[in-house]
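Everything below concerns the one structure shown next.
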Amino acid sequence: MESRKIFIAFSTMVRNEVSRFLRIWMQTLIPPVITTVLYYVIFGSFIGSQIAPIHGFSYMQFIVPGLVMMAVITSSFSNVVGSFYFSKFQRSIEELLVSPMPFWVLIAGYITGGVVRGLLVGTITLLVSLFFTHLVVSNIFFVLSFILLTAILFSLAGLLNGLYAKNFDGISIFPTFVLTPLTYLGGIFYSIAALPPFWQSMSKLNPILYMINGFRYGFLGFSDVSVAVSFWILVVCISVLFGINWHLFRKGYGLRS
Amino acid sequence: MEALSIQNLKKTYATGVQALQGVSLSVLEGDFFALLGPNGAGKTTIIGIVTGLVNKTAGTVRIFGDDLDVAPERTRVHIGVVPQEFNFNIFEKVENIVVSQAGYYGIPRAQAMRDAEVLLKQLGLWEKRDAQSRMLSGGMKRRLMIARALIHRPRLLILDEPTAGVDIELRRGMWEFLAKINNEGVTIILTTHYLEEAEQLCKNVAIINKGEIIEHGSMRELLSTLENESFLFYLKDPISDVVLGALQHCDIHQVDPTTLEVTLKDGARLNDFIVQLARADVTIQSMRNKSNRLEEIFLSLISGDTRE
Ligand SMILES: Nc1ncnc2c1ncn2[C@@H]1O[C@H](COP(=O)(O)OP(=O)(O)O)[C@@H](O)[C@H]1O
Ligand SMILES: [Mg+2]
Numbered sequence: 001m002e003s004r005k006i007f008i009a010f011s012t013m014v015r016n017e018v019s020r021f022l023r024i025w026m027q028t029l030i031p032p033v034i035t036t037v038l039y040y041v042i043f044g045s046f047i048g049s050q051i052a053p054i055h056g057f058s059y060m061q062f063i064v065p066g067l068v069m070m071a072v073i074t075s076s077f078s079n080v081v082g083s084f085y086f087s088k089f090q091r092s093i094e095e096l097l098v099s100p101m102p103f104w105v106l107i108a109g110y111i112t113g114g115v116v117r118g119l120l121v122g123t124i125t126l127l128v129s130l131f132f133t134h135l136v137v138s139n140i141f142f143v144l145s146f147i148l149l150t151a152i153l154f155s156l157a158g159l160l161n162g163l164y165a166k167n168f169d170g171i172s173i174f175p176t177f178v179l180t181p182l183t184y185l186g187g188i189f190y191s192i193a194a195l196p197p198f199w200q201s202m203s204k205l206n207p208i209l210y211m212i213n214g215f216r217y218g219f220l221g222f223s224d225v226s227v228a229v230s231f232w233i234l235v236v237c238i239s240v241l242f243g244i245n246w247h248l249f250r251k252g253y254g255l256r257s
Numbered sequence: 001m002e003a004l005s006i007q008n009l010k011k012t013y014a015t016g017v018q019a020l021q022g023v024s025l026s027v028l029e030g031d032f033f034a035l036l037g038p039n040g041a042g043k044t045t046i047i048g049i050v051t052g053l054v055n056k057t058a059g060t061v062r063i064f065g066d067d068l069d070v071a072p073e074r075t076r077v078h079i080g081v082v083p084q085e086f087n088f089n090i091f092e093k094v095e096n097i098v099v100s101q102a103g104y105y106g107i108p109r110a111q112a113m114r115d116a117e118v119l120l121k122q123l124g125l126w127e128k129r130d131a132q133s134r135m136l137s138g139g140m141k142r143r144l145m146i147a148r149a150l151i152h153r154p155r156l157l158i159l160d161e162p163t164a165g166v167d168i169e170l171r172r173g174m175w176e177f178l179a180k181i182n183n184e185g186v187t188i189i190l191t192t193h194y195l196e197e198a199e200q201l202c203k204n205v206a207i208i209n210k211g212e213i214i215e216h217g218s219m220r221e222l223l224s225t226l227e228n229e230s231f232l233f234y235l236k237d238p239i240s241d242v243v244l245g246a247l248q249h250c251d252i253h254q255v256d257p258t259t260l261e262v263t264l265k266d267g268a269r270l271n272d273f274i275v276q277l278a279r280a281d282v283t284i285q286s287m288r289n290k291s292n293r294l295e296e297i298f299l300s301l302i303s304g305d306t307r308e
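Chains as they are written, first to last, in UniProt numbering: chain A, 1 to 257; chain B, 1 to 308.
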């Protein structure tokens, strides 16, 4: 396909993906915002007021980046896994598969849908945090690149989950048993410096820790782990997941019998 | 030019089912081609492979000269497909289903909207353009899939059982539409298990049964083969080669020295044949009508028809 046609095909996909989640905004945009606001109120205001400042920032300011990141992760992931699995389930994915779109464009279309929803939810939750605290931005480049890369990564993870899922259970197992625990243990609510050495080392095996810390570094200017390492972990994870997705598409795993 | 050329195509599904056992097919550009066969024969599997929805096990497929293994994306541009089962997003609006499909082929949106309007009007769906596709009747859903398949102006339109579940009256309308498209130069392949449908529409035909092509030729030849009647003659004494060679207006296969399988040709009548035997002093002990292999297949096709 020529690049002009590829661009049209890609924008068609993105248009459909975005209008899909906007059409059902009550299910896609509102719930993560409500959850995050509850965290702001309970942990940030009620409990946070009794916690000593961390690196000179209030507990509320400390948890905002992690909570925004959590909203981005769940939104991106669930957008792609939901949209992709649904189109596989009702076979409308065949509309894409019979077209001349190269597989990488197809992947990019789904991923962009997830990224747009992730960034939208992230932006809303960040704006809402302004009702509770004021925002500090120490490095806008890290803020933007970490939120974008994380949204891409979890969109790719959602796609992979959608490819492997054979039924509706298959799309809830990974988020429930892997994604949610790793996110909660990823240093949203605490600095791992406060953990015993064993749990510190364990925490460092959790990739989400690096994303949350990198993102928080963009705002507050400190991190439990090296920000450069965080950045490269994201880039490597994205490349690997993209490669796996692309390979599975080419083989037709879960798509072609 | 060949619109579709399939050589020795084989497919074994992961379940171990051998759906295709070496199928070869050729469909010329401009043809209206029927792939006829009972349920489970492998029709949908062939279409799945040609359109890139099923991985083949072996064999080659060329679409307008482009090899599926070498230039899969180019082959897709040539093909529009109307699948057997509905496969659009049931919550999506009719017009957007068609316009989006154009987008996937790289057609600019403004042009896609214009073309979609023309097609939806032709197929009687324009009034429903803003309806969710799940609200359509069965016949309308089928027509929506036809509009979607034609939006990128394919040279080859493939329809998998297009009239399954469509009312008899609406069927005629669809046939007329397809005949018109074909006249405009689009090659059409349809699968069906209704003999009548193939007979009405198609110039050429292949019959597939249990993953094998058992007949491939023009519809007219096929129908005349069907009309040929075969008989088995059981003779009192072995017949001599001389007498056998002298018999006219028939194809004879000597099953054993006293059994002949006779197919009448050139409009010959059974009576004439019996007279020929009587003149040669051959005594007929008994005879019976022999249904041919095609007829047997057709009987199964027809019984498939009445089941619906
Ligand atoms: N996805 C599949 N997995 C396993 N077996 C299949 C699959 N699709 C079709 N088959 C089998 O392959 C054979 C041919 O099926 P199909 O191509 O659908 O026939 P037709 O379209 O002529 O009715 C059947 O025995 C069918 O059960
Ligand atoms: Mg079929």
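A virtual CB, placed ideally from N, CA and C, is assigned to each residue, including glycine.
Please read all numbers here as calculations on a predicted model, not as lab measurements.
**Prompt:** Sorry if obvious, but does the Cβ on B:Thr12 come closer than 7 Å to a heavy atom of ligand 1?
**Reply:** no
**Asked** Secondary structure at B:His152, three-state DSSP: helix, strand or coil?
**Response** coil
**Prompt:** What residues from chain B crowd round A:Glu95, counting only those whose CB sits closer than 9 Å?
**Reply:** Asn87, Phe88, Asn89, Ile97, Ser100, Gln101, Tyr104, Arg148
**Item:** Partner residues on chain A for B:Arg76, Cβ-Cβ distance less than 8 Å
**Value:** Val98, Ser99, Pro100
**Bridge-paired residues (DSSP) for B:Asp160** = In DSSP, B:Asp160 forms a bridge with B:Thr191.
**Prompt:** With respect to 7 Å, is the separation between the Cβ of B:Lys43 and the closest non-hydrogen atom of ligand 2 below this value?
**Reply:** yes
**Message:** As a quick exercise: from A:Arg117, A:Leu135, A:His134, pick the residue whose alpha carbon is nearest that of A:Leu148.
**Reply:** A:Arg117
**Prompt:** Does B:Tyr13 get closer than 8 Å to chain A when you measure Cβ to Cβ?
**Reply:** yes
**Message:** Less than 7 Å separating the Cβ of B:Thr60 from some heavy atom of ligand 1?
**Reply:** no
**Asked** Quick one: what does DSSP say A:Phe219 is sitting in, helix, strand or coil?
**Response** helix
**Item:** Collapsed DSSP secondary structure at B:Thr259 in the structure displayed
**Value:** strand
**Which of helix, strand or coil DSSP assigns to B:Ala19** = strand
**Asked** What residues in its chain sit with their C-beta under 6 Å from that of B:Asp305, if we drop five residues either side in the sequence?
**Response** Legend: pLDDT at B:Asp305 = 45, less than 50; position of this residue unreliable, no value from coordinates given.
**Prompt:** Which value, in whole angstroms, describes the spacing of the CA atoms of B:Val27 and B:Met1?
**Reply:** 9 Å
**Asked** Okay, do the segment 109 to 117 of chain B and the segment 171 to 187 of chain B touch, 3+ Cβ pairs below 8 Å being the bar?
**Response** no
**Request:** Please decide whether A:Arg256 counts as near chain B, where near means a Cβ-Cβ distance under 8 Å.
**Result:** Yes, its Cβ sits closer than 8 Å to a Cβ of chain B.
**Request:** Pull up the CB-CB distance for B:Leu235 and B:Ile284, whole angstroms please, since I reckon it's below 8 Å.
**Result:** Rounded, the Cβ-Cβ distance is 6 Å, consistent with contact.
**Message:** Checking 8 Å against the spacing of the C-beta atoms, do B:Ile208 and B:Leu35 come in under that value?
**Reply:** yes
**Request:** Under 8 Å by Cβ, that's how I've got A:Val80 and A:Gly158 pegged, so tell me the actual separation to the nearest angstrom.
**Result:** 3 Å
**Request:** Using beta-carbon positions only, say whether B:Val82 and B:Ala149 come within less than 8 Å of one another.
**Result:** yes
**Message:** If we require 4 or more residues per run, which alpha helix (DSSP H) segments fall completely within the segment 212 to 294 of chain B?
**Reply:** 219 to 227, 241 to 246, 270 to 279
**Prompt:** B:Gly59: which of B:Val98, B:Lys11, B:Leu53 sits nearest, CA to CA?
**Reply:** B:Lys11
**Message:** Please classify B:Asp256 as buried or exposed, where buried requires at least 16 other C-beta atoms within 10 Å of its C-beta.
**Reply:** exposed
**Request:** Give the C-beta separation of A:Leu156 and A:Leu241 to the nearest angstrom, bearing in mind that I take them to be a contact with Cβ-Cβ under 8 Å.
**Result:** 4 Å
**Request:** Report yes or no: is there a C-beta of chain B within less than 8 Å of the C-beta of A:Ile8?
**Result:** Taking Cβ atoms only, chain B reaches closer than 8 Å to A:Ile8, which makes this a yes.
**Request:** Enumerate in chain order the residues of its own chain whose CB-to-CB distance from A:Ile54 is below 8 Å, with the five nearest sequence positions on each side excluded.
**Result:** Phe62, Ser191
**Message:** Whole angstroms are fine: how far does the CA of A:Lys5 sit from the CA of B:Gly16?
**Reply:** B:Gly16 and A:Lys5 have their C-alpha atoms roughly 39 Å apart.
**Request:** Find out if the Cβ-Cβ distance for the pair A:Ser163, A:Leu248 is shorter than 8 Å.
**Result:** It should be pointed out that residue 163 of chain A corresponds to Leu in this sequence rather than to Ser. Against a cut-off of 8 Å, the Cβ pair of A:Leu248 and A:Leu163 comes out as a contact.
**Item:** DSSP three-state assignment for B:Ala3, whether helix, strand or coil
**Value:** If DSSP states are grouped into helix, strand and coil, B:Ala3 belongs with the strands.
**Buried or exposed by the 16-neighbour rule on C-beta atoms within 10 Å, applied to A:Met26** = exposed
**Prompt:** Relative to ligand 2, is the shortest distance from any of its heavy atoms to the C-beta of A:Glu94 smaller than 7 Å?
**Reply:** no
**Message:** Just verifying my parser: in three-state terms, what is the DSSP assignment at A:Asp169?
**Reply:** helix
**Message:** For B:Gly80, list the residues DSSP reports as bridge partners.
**Reply:** The partner list for B:Gly80 (beta bridge, DSSP) reads B:Leu157.
**Prompt:** What does a CB cutoff of less than 6 Å around A:Thr133 pick up in its chain, not counting 5 residues either side in sequence?
**Reply:** Only Met60, Gln61 meet the Cβ criterion.
**Message:** Just to confirm the assignment, what range does the beta strand (DSSP E) spanning B:Ile207 have?
**Reply:** 204 to 209
**Prompt:** Using the beta-carbon count (16 or more within 10 Å), is A:Thr176 buried or exposed?
**Reply:** exposed
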